[in-house]
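Below is one structure, written out as structure tokens; the observations come after it.
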Amino acid sequence: MAKLSGNYEVVFILNPNLDEEATAAMVAKFKTLVEQNATLGEVNEWGKRRLAYPINHKNEGYYVLMTFESKTDFPAELTRIYNITDGIIRAIVVEQPE
152 MAKLSGNYEV
162 VFILNPNLDE
172 EATAAMVAKF
182 KTLVEQNATL
192 GEVNEWGKRR
202 LAYPINHKNE
212 GYYVLMTFES
222 KTDFPAELTR
232 IYNITDGIIR
242 AIVVEQPE
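Residues 152 to 249 (my numbering) are what the sequence shown spells out, left to right.
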């Protein structure tokens with residue numbers, strides 16, 4: 152039997168050159184997107200951190216961690232949206248074990 156929903160965790164890294172207002176707007180945008188399509192758990196803004204290796208010639212990024220529960224098709228759509236959004240350096244969505 153196919154699984155209908157799951158618990159997920161997403162970490163996304165924003166461009167550190169965005170100003171405070173743009174960063175807050177980007178976090179709010181993805182928080183709203185998750186709320187519209189899933190049950191949002193927690194949102195932790197880790198802030199600016201040094202990257203393990205340079206990405207797009209940047210050495211740091213603004214990290215955000217979100218947890219949510221959703222249908223199994225939503226994480227793929229969320230990943231697609233992260234990949235086409237300017238200002239997102241990297242994003243990964245991981246299913247949490249039950």
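We treat Cβ as the ideally placed atom computed from N, Cα and C, and that holds for glycine.
Counterpart residues of residue i in DSSP-defined beta bridges
i	result
Lys-222	Ser-156
Met-217	Val-161 and Val-194
Glu-211	Arg-201
For residue i, the first and last residue of its enclosing beta strand (DSSP E)
i	result
Glu-246	239–246
Endpoints, alpha helix (DSSP H) assigned at residue i
i	result
Ala-175	171–188
Nonlocal neighbours in the same chain, by C-beta distance under 6 Å from residue i, ignoring five residues either side
i	result
Thr-236	none
Tyr-213	Leu-165, Pro-167, Thr-174 and Lys-199
Gly-192	Thr-218 and Phe-219
Glu-250	Not covered by the structure: residue 250. The range shown for the chain is 152 to 249.
Rounded distance between the beta-carbons of residue j and residue i, thought under 8 Å
i	j	result
Ile-240	Leu-165	7 Å
Thr-230	Ser-156	Wrong, their Cβ atoms sit about 17 Å apart, outside the cutoff.
Minimum C-alpha distance to residue i - residue among the options
i	options	result
Met-217	Thr-190, Pro-248 and Ala-203	Thr-190
Lys-180	Ser-221, Asn-158, Ile-232 and Ala-203	Ile-232
Ala-242	Phe-225, Pro-248, Val-215 and Glu-171	Val-215
Phe-219	Arg-201, Ile-206 and Gln-247	Gln-247
Val-162	Gly-238, Asn-195 and Glu-249	Asn-195
Ser-221	Glu-186, Gly-238 and Val-178	Glu-186
Contact set for residue i: own chain, Cβ-Cβ below 7 Å, skip 5 residues either direction
i	result
Asn-210	Arg-201 and Leu-202
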